[in-house]
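Residue numbers (mature numbering (1 follows the signal peptide of the UniProt record, and there is no 0)): -27 to -1, 1 to 134.
C-beta: ideal position from N, C-alpha, C; glycine also.
Values in this document were obtained by computation on a predicted structure and should not be read as measured data.
Working notes for the structure below.
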Amino acid sequence: MIRNSRSIRFVVPVRIVLAFFASVVQAGQLVEPHPHLVEVFTTTDSPIAGEAGISRRALRGEKEFHVYELDGLRSTEAKLSEGLPADPEQSKRLVQQRFQQLRQEDRTRIQRAAMGLAKAMQYGVDRYPAIVFDGQAVVYGVTDVQTAITHYRAWRREGKR
């Protein structure tokens, strides 16, 4: 009997400690769900608040963060077609020449805008700005990423999926 009482005295506190840690871990997961992927769909006239200061630390655990300026194609197209002559053949040659002389920054902007448009269509995003979390949840009309993350976390705490 002495052996059993010692075992019980050891087992009960261990179980209490394990139950406590399990509840703390579970509560932490419920309180602060972290999206793994944050994608921002916007235009140049709706800049993301504090975009320059966004970092992994600021996002507190989010693994991927992408911003897509969906009007990037339009602005580059305007650059390419600025001051074109009336003759279609001359215009074609001039646009081709300008396209070949595009800076890498402009080429990247075109590529990101095209990728963003494709992803927006894939997700069914129908207005901007929009911030998509893990390809599943969308917050519309918010340009502050931290505010959108707060909305997302509240939604997740309510048990939505």
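Residue environment, R47, which counts as buried when at least 16 other CB atoms sit within 10 Å: exposed
Residues in the same chain with beta-carbon distance under 8 angstroms from L43, minus the five sequence neighbours each way, listed in chain order, please. F14, T15, T16, A86, G89, L90, A93, Y101
A22: which of R76, I104, G132, Q84 sits nearest, CA to CA? I104
Could you tell me which residues DSSP pairs with E12 in its beta bridges? H39, V105
Specify the secondary structure class of D117 as computed by DSSP and reduced to three states. strand
Name the one or two DSSP bridge partners that A22 has. D117
Beta-carbon spacing of L57, F72 below 8 angstroms: no
Buried or exposed: where does P61 fall if 16 or more other Cβ atoms within 10 Å of its Cβ makes it buried? exposed
Mind checking which residues open and close the alpha helix (DSSP H) that includes R80? 77 to 96
Residue environment, E55, which counts as buried when at least 16 other CB atoms sit within 10 Å: exposed
Opposing strand residues paired with A51 [DSSP bridges]: Answer is none; A51 lacks a bridge partner.
Distance between beta carbons of V112 and Y124, contact taken as under 8 angstroms: Inspection of the sequence shows that residue 124 is occupied by His rather than by Tyr. Sure, about 5 angstroms apart at Cβ, within 8 angstroms.
Would you please state the rounded distance, in angstroms, between the beta carbons of A108 and Y96? I believe it to be under 8 angstroms. The question names Ala, but residue 108 in the sequence shown is Gly. With a Cβ gap of about 6 angstroms, G108 and Y96 count as contacting.
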